[in-house]
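Residue numbers (our numbering): 206 to 311. Even glycine gets a Cβ: it sits at the ideal position worked out from N, Cα and C. Inspection log for the structure reproduced underneath, given as structure tokens.
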């Protein structure tokens, strides 16, 4: 299992354990993490699963591909560490991952 902490804008943490191989978005939805709406169901078409990856985890979560980068442009308050959680597939190496939710999704 991979432990992930999602932190709301007010600092409220949500610790989740998920199977490797599912997306960060699926882990949030399966555990009813508030702020991850996933309106498009993970098709990289809406940016309602936008998260900020903590700096310590950016290398392990990889970089956004062009389609994801295009959608992040439509997200509210994009930052250099912005990612769409539907595009991050959890691996064992991501155990302890911390992501923060943007204000617009709080």
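Terminal residues of the beta strand (DSSP E) in which residue 208 lies: Reading the chain shown from its first residue, position 3 is the one you call residue 208. Boundaries of the beta strand (DSSP E) harbouring residue 208: 207 to 212, taken from the DSSP string.
Beta-bridge partners of residue 305, as assigned by DSSP: Here the question's residue 305 lines up with position 100 in the chain shown. DSSP links residue 305 through a beta bridge to 212, 257.
Extent of the continuous alpha helix (DSSP H) to which residue 289 belongs: Reading the chain shown from its first residue, position 84 is the one you call residue 289. First-last for residue 289: 287 to 289, but that is the beta strand (DSSP E), not the alpha helix (DSSP H).
Where residue 238 sits in the DSSP three-state scheme: As a first step, residue 238 must be located in the chain shown, where it is residue number 33. Looking at residue 238 - three-state DSSP - the assignment turns out to be coil, as it is neither helix nor strand.
Member of 305, 256, 242, 299 whose CA lies at the smallest distance from the CA of residue 266: Locating residue 266 in the chain shown gives position 61, counting from the first residue. Measuring from the Cα of residue 266, the nearest candidate turns out to be 299.
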